[in-house]
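Numbering (the numbering used here), first residue to last: 4 to 173.
So, in structure tokens, the structure goes:
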């Protein structure tokens, strides 16, 4: 399958962040390539190949999160799209909420979006109109904040916080 450029650029980093083909057990149960058995009961995670994982990651995260809408706008930074995708595998729609919060932060409150976790036309326009560097920095901060809140709400998540923050800021 031929994937869109932003996905193709982001997948290598995602696979690295998810430990490559290493089979691990985490809050999502048995996990490989970022595909957790708990959230993907139809997938044989133990025997998942990299090629199959890439297709699942594309369909269930890049496509399902509507990241193609951002990718269709030439003004949206591809690094930012890759980062939203990367964290979307971990945060799912909350990665879009972080993006919407980042718009507000990067524009000093001049652009405020409904934090609904959906990439609609207003989100695309606002992200497109915001300078890439402040947008990426604000997104990283919003994601780090989301991870800190999760760890504070559930002590079981505190063991993952260091890795989550590294992922948010990388």
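Cβ atoms here follow ideal geometry from the backbone N, Cα and C, with glycine treated the same way.
Since the model is a prediction, treat every value here as computed from it, not as a measurement.
query                                                                                                                                                             : result
In three-state DSSP terms, what is residue 33?                                                                                                                    : strand
Start and end of the alpha helix (DSSP H) containing residue 130?                                                                                                 : 124-132
Taking 7 Å as the cut-off, is the CB of residue 33 close to at least one heavy atom of the ligand ZN?                                                             : As for the ligand ZN, it is missing from this structure, which has no ligand bound.
So does the stretch 53-66 actually touch the stretch 30-38, counting three or more Cβ pairs closer than 8 Å?                                                      : yes
Within 10 Å of its beta-carbon, does residue 97 have 16 or more other beta-carbons around it, so buried, or fewer, so exposed?                                    : buried
Using DSSP's beta-bridge definition, name the partner residues of residue 28.                                                                                     : 33
With a threshold of 16 other CB atoms inside 10 Å of the CB of residue 25, please say whether the residue is buried or exposed.                                   : exposed
What span of residues does the alpha helix (DSSP H) with residue 8 cover, start to end?                                                                           : 8-20
Should residue 50 go down as buried or exposed, given a rule of 16 or more other Cβ atoms within 10 Å for buried?                                                 : exposed
Would you kindly check if the distance between the Cβ of residue 72 and the Cβ of residue 122 is under 8 Å?                                                       : yes
Just mark residue 222 as buried or exposed, buried being the case when its beta carbon has 16 or more other beta carbons within 10 Å.                             : Coverage of the chain is limited to positions 4 through 173, which leaves residue 222 absent and any answer about it impossible.
In angstroms with no decimal places, state the Cα-to-Cα distance between residue 169 and residue 90.                                                              : 11 Å
Nearest by alpha-carbon distance to residue 171: which of 32, 21, 142 and 125 is it?                                                                              : 142
Would you mind stating whether residue 138 and residue 105 have Cβ atoms separated by less than 8 Å?                                                              : yes
Suppose the cutoff is 7 Å on Cβ atoms and the five residues either side in sequence are ignored; what does the same chain contact list for residue 149 look like? : 94, 97 and 101
Look up residue 38 in the DSSP assignment and say whether it is helix, strand or coil.                                                                            : strand
Looking at C-alpha atoms only, which residue of 157, 4, 11 and 113 is the closest neighbour of residue 85?                                                        : 11
Give the range of the alpha helix (DSSP H) segment to which residue 58 is assigned.                                                                               : 53-60
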